[in-house]
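>
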Amino acid sequence: MSEPHQDRAKRKLLAVFAHPDDESFICGGTLAKHAAEGYDITLVSATRGEMGRRMGNPPYLNRETMAAAREQELREACEVLGIRQLILFGIRDKTVEFMDEDGLAGRIASLIEEIDPDVVLTFHEVMGGHPDHCAIGKATTAAYRRAERRGSLYFITFGDAMSRPERYGHTRNAVVKIDVSAYLEAKLAAFRAHRCQTEMDEWVWLPDREALSRFGRHEYFLQADPILPAREFRDSF
Amino acid sequence: MIPIDRLPTETELRKFVGSEVYVHSEATSFVFVRNFKLRIGEAHVAGEGSYRVALRFDGQGWLRMEALTHYEVDEAGRLLLAGYDDRGRMNVALHLGKEPFPE
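Going down the list, the protein sequences come from chains A and B. To convert, note that position 61 of the first sequence is 77 in my numbering; the numbers rise steadily by one, no gaps. To convert, note that position 52 of the second sequence is 1128 in my numbering; the numbers rise steadily by one, no gaps.
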């Protein structure tokens, strides 16, 4: 565990993602942990996830009702994770990569200047996995460079892939390995808040103890500009 | 959304014949069009259990879709059709409205 910071109460984290549920499914434990440690967290979701495929199980949503339903689910997830500010950019789901890149980066740079975060989280622009993920990651990275602020940029990663970063062309000194084992209840609650997306995954709705056993104890992040020549993973941002 | 019954669904669809409509159509994993504005000349529903819908537009060709399973007329008077799989995932959607859909 890292030493407590004296200015911890004032520490700020800005997460810029593409869809409702990215924050919970990928790094919900880390967000809950940092909220509990006093970080002021702002989450940007570029879209409302209104073009998603999962419509509840059995289905109760259609394409026109989905945006409002997913926004509400996201607000509930923010509540259980301790995210205090939610900003929706209102870009249509599946079209983020077609937005004017400079304009999008400018919008995010303004937020970085306004918030002055210690930590910025987003998707890696190549390894993001989904076109919307890569596009918001690319714009956020550009915005971070443009804003020239203090604070560090980290890319969220999937599952425990980065427990062996060498396989993906990365080195251990770039990896932050966060122990989220004390925050898995919050993560599970956030999964369940995203009901229309998780209803078809039976394990999410098993009794808590069984559902919690499906989560890994760690979440991994890649630092955009690693500086320390550490040979082992760092355990905090 | 309620399971499609061919005749009532076709009746709802045909209420749009002869008028200008905004169309949202998607094959969820592959393509969507939203707010194409067209005048409908013919509307057909065929099939059983899983349905095919064809719209013929005046001078502007055809739109044919399959795998539709559910429909409803929403509070705004829009006709919403969708095709779901057995776990609630959407495969296709076809929406008709007199006003543009939110973009």
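Glycine included, each C-beta is placed from N, C-alpha and C at the ideal position.
Rounded to whole angstroms, what is the Cα-Cα separation between B:Tyr1147 and A:Lys203?
Those two C-alpha atoms are separated by around 35 Å.
> What separation, rounded to the nearest whole angstrom, lies between the Cα atoms of B:Asp1162 and B:Val1121?
Approximately 22 Å, taken between the alpha carbons.
> Flag B:Phe1112 as yes if its beta-carbon sits less than 9 Å from any beta-carbon of chain A, otherwise no.
Closer than 9 Å: no.
> Could you tell me which residues DSSP pairs with B:Met1166 in its beta bridges?
B:Met1166 is bridged to B:Tyr1160.
> Between which two residues does the alpha helix (DSSP H) carrying A:Gly153 extend?
Residues 147-163.
> Using a threshold of 9 Å, state whether the C-beta atoms of A:Leu120 and A:Ala151 are closer than that.
Closer than 9 Å, so yes.
> Nearest by alpha-carbon distance to A:Gln88: which of A:Leu137, A:Leu30, A:Lys110, A:His35 is it?
When only C-alpha atoms are compared, the closest one is A:His35.
> Identify, in the order they occur along the chain, each residue of the same chain with its Cβ nearer than 7 Å to the Cβ of A:Thr111, setting aside the five sequence neighbours on each side.
No residues qualify anywhere along the chain.
> Does B:Gly1164 have its Cβ less than 9 Å from a Cβ in chain A?
Closer than 9 Å: yes.
> DSSP has A:Gln239 in a bridge; who is on the other side?
In the DSSP output, where bridge partners are listed per residue, A:Gln239 has A:Tyr170.
> Please report the straight-line C-alpha distance between A:Arg27 and A:Ile194, rounded to a whole angstrom.
If I take the Cα positions, the gap works out to 17 Å.
> Which residues in chain B have a C-beta closer than 8 Å to the C-beta of A:Met71? List them in chain order.
Within 8 Å Cβ-Cβ: Ala1158, Tyr1160, Gly1164, Arg1165, Met1166.
> With burial defined as no fewer than 16 other Cβ atoms inside 10 Å of the residue's Cβ, what is the status of B:Thr1085: buried or exposed?
By the neighbour-count rule (16 or more Cβ atoms within 10 Å), B:Thr1085 is buried.
> Tell me the rounded alpha-carbon separation between A:Phe116 and B:Glu1118.
The question names Phe, but residue 116 of chain A in the sequence shown is Asp. Going by the C-alpha atoms only, they are around 39 Å apart.
> Determine the chain A residues that contact B:Lys1175 at a beta-carbon separation under 7 Å, and present them in chain order.
A quick correction: the sequence has Glu, not Lys, at residue 1175 of chain B. In chain order: nothing, as chain A lies at least about 12 Å away.
> Considering only their Cβ atoms, is the gap separating A:Thr58 from A:Leu77 smaller than 9 Å?
The answer is no: Cβ separation not under 9 Å.
> Classify A:Pro20: buried if its beta carbon has 16 or more other beta carbons within 10 angstroms, exposed otherwise.
Note that A:Pro20 has pLDDT 49, beneath the 50 cutoff, so the model's placement of it is unreliable and the number below is only indicative. Label assigned to A:Pro20: exposed.
> Reducing DSSP to helix, strand and coil, say where A:Tyr184 ends up.
Residue state, collapsed to three classes: helix.
> Counting C-beta neighbours from all protein chains within 10 Å, is the total for B:Val1109 16 or more, i.e. buried, or is it exposed?
It is exposed - the Cβ of B:Val1109 has fewer than 16 other Cβ atoms within 10 Å.
> Using a Cβ-Cβ cutoff of 8 Å, what residues of the stretch 1121-1146 of chain B are near chain A? List them in chain order.
Cβ contacts with chain A come from His1146.
> Give the secondary structure of A:Thr46 by DSSP, where H, G and I count as helix, E and B as strand, and everything else as coil.
Helix, per DSSP.
> From the beta carbon of A:Met115, is the nearest beta carbon of chain B less than 9 Å away?
It does not; no Cβ of chain B falls within 9 Å.
> So the beta strand (DSSP E) A:Leu30 belongs to, where does it begin and stop?
Taken as a continuous stretch (DSSP letters only), the beta strand (DSSP E) holding A:Leu30 covers 28-33.
> Taking B:Thr1104 as the query, report the chain A residues whose CB atoms sit under 7 Å from its CB, ordered along the chain.
By Cβ distance, chain A contributes Arg69.
> Using a threshold of 9 Å, state whether the C-beta atoms of A:Pro75 and B:Arg1154 are closer than that.
Contact flag unset, no.
> Counting only the same chain and skipping the five closest in sequence on each side, list residues whose C-beta sits under 8 Å from that of A:Ser18.
Since pLDDT at A:Ser18 reaches only 47, below the 50 mark, its modelled position is unreliable, and no value is offered.
> Measure how close the beta-carbons of A:Glu92 and A:Ala209 come, nearest whole angstrom, since I'm counting them as under 8 Å.
Rounded, the Cβ-Cβ distance is 4 Å, consistent with contact.
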